[in-house]
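K.L.:
Quick note: the sequence shown uses my numbering, first residue 1, plus one each step. My structure is below; once you've seen it, I'll send some questions.
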Amino acid sequence: MDYAFEFVINNGGIDTEEDYPYKERNGVCDQYKKNAKVVKIDSYEDVPVNNEKALQKAVAHQPVSIALEAGGRDFQHYKSGIFTGKCGTAVDHGVVVAGYGTENGMDYWIVRNSWGANWGEKGYLRVQRNVARSSGLCGLAIEPSYPVKTGANPPKPTPSPPSPVKPPTECDEYSQCPIGTTCCCILQFHNSCFSWGCCPLEGATCCEDH
Numbered sequence: 001m002d003y004a005f006e007f008v009i010n011n012g013g014i015d016t017e018e019d020y021p022y023k024e025r026n027g028v029c030d031q032y033k034k035n036a037k038v039v040k041i042d043s044y045e046d047v048p049v050n051n052e053k054a055l056q057k058a059v060a061h062q063p064v065s066i067a068l069e070a071g072g073r074d075f076q077h078y079k080s081g082i083f084t085g086k087c088g089t090a091v092d093h094g095v096v097v098a099g100y101g102t103e104n105g106m107d108y109w110i111v112r113n114s115w116g117a118n119w120g121e122k123g124y125l126r127v128q129r130n131v132a133r134s135s136g137l138c139g140l141a142i143e144p145s146y147p148v149k150t151g152a153n154p155p156k157p158t159p160s161p162p163s164p165v166k167p168p169t170e171c172d173e174y175s176q177c178p179i180g181t182t183c184c185c186i187l188q189f190h191n192s193c194f195s196w197g198c199c200p201l202e203g204a205t206c207c208e209d210h
């Protein structure tokens, strides 16, 4: 999380999510929107690590950015309720702790994810709080931090110009796939492909069974 805050500070601010939304795929930085600075921060604070009580104290004053392990099946397929599923501490995903509460005697964190409103509880999940391990469930207490803002925002920028339109993905001289997809050969003879398919993921690895 600290690297993200350092980028915002060094860049002199950051654009809005509405103007430069998260698209769930790898891409190239849009330099126009990188320079559209709507809000800035002055510094950031790290919450004491492996300490859910310190995290709770910080969350009582503002949302706190955390990292957790989100690669497990239980986490990715979360639907609702207080998450108590299987996960480790190999943190690989950044989210925001927006609050906390207790339900039927079980403490939980309110966490805002970035996977859209159709995931979890309208884009949020509740994660068990005050577990036995000091790192918190899924390692959520390992890297907590939050931005500090004392100064004014930059002047309102002019509207960003449209992003450059990327060309389709070229499979060969005669075939192409839409932007954001990967060409995968589905009928190959020796070193030539006679039929191409389009995997809906950008930069994907094509499997032999297509």
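Ideal Cβ placement from N, Cα and C applies to all residues, glycine included.
1) DSSP has Pro147 in a bridge; who is on the other side?
2) Output the distance between the C-alpha atoms of Thr92 and Tyr78, rounded to the nearest integer angstrom.
3) Under a Cβ-count criterion, where at least 16 other Cβ atoms within 10 Å of its own Cβ denotes burial, should Asn153 be classed as buried or exposed?
4) Given that a residue counts as buried once 16 or more other Cβ atoms are within 10 Å of its Cβ, and exposed if not, what is Tyr174?
5) Give me whichever residues DSSP pairs with Asp107 in a beta bridge.
6) To which residues of the same chain is Gly116 closer than 7 Å at the C-beta, ignoring the five residues directly before and after it?
7) Please work out which residues of its chain come closer than 7 Å, Cβ to Cβ, to Cys199, disregarding the five sequence neighbours upstream and downstream, and give them in chain order.
8) Can you tell me whether Leu144 is buried or exposed, with buried defined as 16 or more other CB within 10 angstroms of its CB?
9) Could you say which of Ser65, Val49, Pro48 lies nearest to Asp2 if we only look at CA atoms?
10) Which residue's Cα is closest to the Cα of Asn104: Val97, Gly81, Ser43?
11) Check the C-beta distance from Lys33 over to Asp19 and give it rounded, since I have them as a contact under 8 Å.
P.N.:
The short version:
1) Answer by DSSP bridge pairing, in chain order: Tyr44.
2) The sequence given here places Asp at residue 92; Thr does not occur at that position. When rounded, the distance between both Cα atoms is 17 Å.
3) Classification for Asn153: exposed.
4) Counting Cβ neighbours within 10 Å, Tyr174 comes out exposed, since fewer than 16 surround it.
5) Answer by DSSP bridge pairing, in chain order: Thr102.
6) The answer, listed in chain order, is Gly123.
7) The beta carbon of Cys199 sits closer than 7 Å to the beta carbons of Thr181, Thr182, Cys184, Cys206 from its chain, once the five residues preceding and following it are set aside; these are given in chain order.
8) Note that residue 144 corresponds to Pro in the displayed sequence, not to Leu. So Pro144 ends up on the buried side.
9) When each option's Cα is compared against that of Asp2, the closest is Ser65.
10) Answer by Cα proximity: Gly81.
11) Contact between Lys33 and Asp19 holds, since their C-beta atoms are separated by about 6 Å, short of 8 Å.
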